[in-house]
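S.K.: So the protein lines, in turn, are chains A and B. Here the first sequence stands for residues 39 to 152, where the numbers follow the working numbering. Here the second sequence stands for residues 6 to 116, where the numbers follow the working numbering.
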Amino acid sequence: AQSVTQLGSHVSVSEGALVLLRCNYSSSVPPYLFWYVQYPNQGLQLLLKYTSAATLVKGINGFEAEFKKSETSFHLTKPSAHMSDAAEYFCAVSADTGRRALTFGSGTRLQVQP
Amino acid sequence: NAGVTQTPKFQVLKTGQSMTLQCAQDMNHEYMSWYRQDPGMGLRLIHYSVGAGITDQGEVPNGYNVSRSTTEDFPLRLLSAAPSQTSVYFCASSYSTGAEFFGPGTRLTVL
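1) Taking the straight line between their C-alpha atoms, what separation do you get for residue 89(B) and residue 43(B)?
2) Which residues, in chain order, does the segment 53-70 of chain B contribute to contact with chain A at a C-beta distance below 7 Å?
3) Closer than 7 Å by C-beta to residue 20(B): which residues in its own chain qualify, once you throw out the five before and the five after it? Chain order, please.
4) State the CB to CB distance for the pair residue 51(B) and residue 36(B), rounded to an integer number of angstroms; the pair is presumed to be in contact (CB under 8 Å).
5) Thinking C-alpha only, which one of 81(A), 79(A) and 73(A) is nearest residue 88(A)?
6) Please report the straight-line C-alpha distance between residue 96(B) and residue 9(B), rounded to a whole angstrom.
7) Does chain A have any CB closer than 8 Å to the CB of residue 13(B)?
8) For residue 61(A) and residue 81(B), I'd like the C-alpha separation in whole angstroms.
9) In this structure, how does DSSP classify residue 89(B) when only helix, strand and coil are distinguished?
10) Please classify residue 151(A) as buried or exposed, where buried requires at least 16 other C-beta atoms within 10 Å of its C-beta.
Put into structure tokens, the structure is as follows:
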């Protein structure tokens, strides 16, 4: 079984501040982990993914995430928030046989204050 | 490349009607999947396919059918629409795992 918990349905930061979006997972097998961004009325865009290589994963738009097995976490960070980062962010885990299915968290809406 | 395309963008159905949501990709991806997105619930997997002729159920398959006759196309059929199927539907594809490319979505309302 696999599940994802995103802590905080809404996060607000000031422009230029650190962005930290939290994701914890549960999985009975080594997981693949993903972060997606969704802008209003659009589909999801893959930001980055972890597939058992380097534990620190760099993605697009300056985001990165670190896989911590001991904490079962995969938090998303960005050193300096930009107004264009305002969107909804989803963490997802794939840990079924063959890595065929994703289980998504409920999402975190990021607000960036000027 | 067009990526993942979905039609229609919007649809209104009456309870009991049937319809097919179309999904196509031009990246030669083996993995394709359908998700529905409801407020506060993230995305939930309906059905997926690991190649032409191979499909399997996801988390919420009831009321939906799929088939995969070609690598490019993965239509989703609603057999008898119900108000509980009001949602935004996303198709996704990937070369090897999970879902890396999403379509723009179909917003479905069932009255």
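Note that CB positions come from ideal geometry on N, CA and C, so glycine has one too.
M.R.: So, to answer that:
1) The straight-line gap from Cα to Cα measures roughly 10 Å.
2) Correct list: 53, 55 and 63.
3) Only 86, 87, 88, 115 and 116 meet the Cβ criterion.
4) So it is not a contact: roughly 14 Å between Cβ atoms.
5) If we check each option's Cα against that of residue 88(A), 73(A) comes out closest.
6) Rounded to whole angstroms, residue 96(B) and residue 9(B) show a C-alpha spacing of 7 Å.
7) By this cut-off, residue 13(B) is not an interface position.
8) Answer to the nearest angstrom: the Cα atoms are 30 Å apart.
9) In the three-state reduction of the DSSP assignment, residue 89(B) falls in the helix class.
10) By the 10 Å Cβ count, residue 151(A) comes out exposed.
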